[in-house]
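Numbered continuously in our numbering, the sequence shown closes out at residue 1045.
Worksheet: one structure, shown below.
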Amino acid sequence: MTTISPMRTLLVLAAASLAPLAHAQEYTRYHGGWRGPFLLYVTQQDTGAQGPPAVYDGSLQIADDGSVRGHLPDAACTLIGSSSDFVSPANASLELDVSGCKDIRFNGHFAGKLINNPVLKYASLRLSSMRSLDAGTAQVSAILRR
């Protein structure tokens, strides 16, 4: 029969109780890797969305130096740019150049925000094209997780 010391039991319980806190801390900084579905759509000021959004799985990597790289493989989009703190180290302002997309309306310069929700363990990404299209403005939105 194996006996477990009271101290060891206490350490195991302490570690188990801190695990959710450690996971929530992953969302207190925007730096690091993100994955999730990206919605690509075009909006027009008067009428809203132009057709249904296209949804693509993708990833975004934000380095400690603020550089950003991302990829939406099925859309053939590559994202490259920079980030900086927005209000706090949990949220970011992003400036991204999107290129190579099958749908050429989404190629170009985008700006927006990545807003973390540490309690619900996700971040919301919202980017708008910095150029106007005849049909409206290209938008990228995503709900991303670690």
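Beta carbons: idealized from backbone N, C-alpha and C, even for Gly.
Given the structure is predicted, the values throughout are model-derived calculations rather than measurements.
Beta-carbon contacts of H1008 that lie in its chain and below 6 Å, excluding the five residues immediately before and after: The beta carbon of H1008 sits closer than 6 Å to those of D996, M1029, all from its chain and outside the five residues before and after it, given in chain order.
In angstroms with no decimal places, state the Cα-to-Cα distance between S958 and T977. Going from the Cα of S958 to the Cα of T977 covers about 10 Å.
By a C-beta neighbour count over all protein chains shown, 10 Å radius and 16 as the cutoff for buried, is S1031 buried or exposed? exposed
Pick out whichever of T942, S987, P936, Q1038 has its Cα sitting closest to the Cα of I1014. S987
Quick one: grab the DSSP three-state call for A962. coil
Within this structure, are the beta carbons of Y929 and A1010 separated by less than 7 Å? no
Look up D996 in the DSSP assignment and say whether it is helix, strand or coil. strand
For a test of your reading of the model: does the CB of A975 fall under 6 Å from any non-hydrogen atom of the ligand ADP? Yes or no. Among the components modelled here there is no ligand, and therefore nothing to report on the ligand ADP.
Can you check DSSP and say which residues form a bridge with S982? L993
Only counting the same chain, and skipping five residues up and downstream in sequence, which positions put a Cβ closer than 8 Å to that of A1022? Excluding sequence neighbours, A1022 sits near Y926, Y929, W933, L1013, I1014, N1015, N1016, I1042, L1043, R1044.
Residues in the same chain with beta-carbon distance under 6 Å from V954, minus the five sequence neighbours each way, listed in chain order, please. P936, L938
Just how far apart, CA to CA, sit K1020 and P972? 24 Å
In whole angstroms, what is the alpha-carbon distance linking V967 and E994? 9 Å
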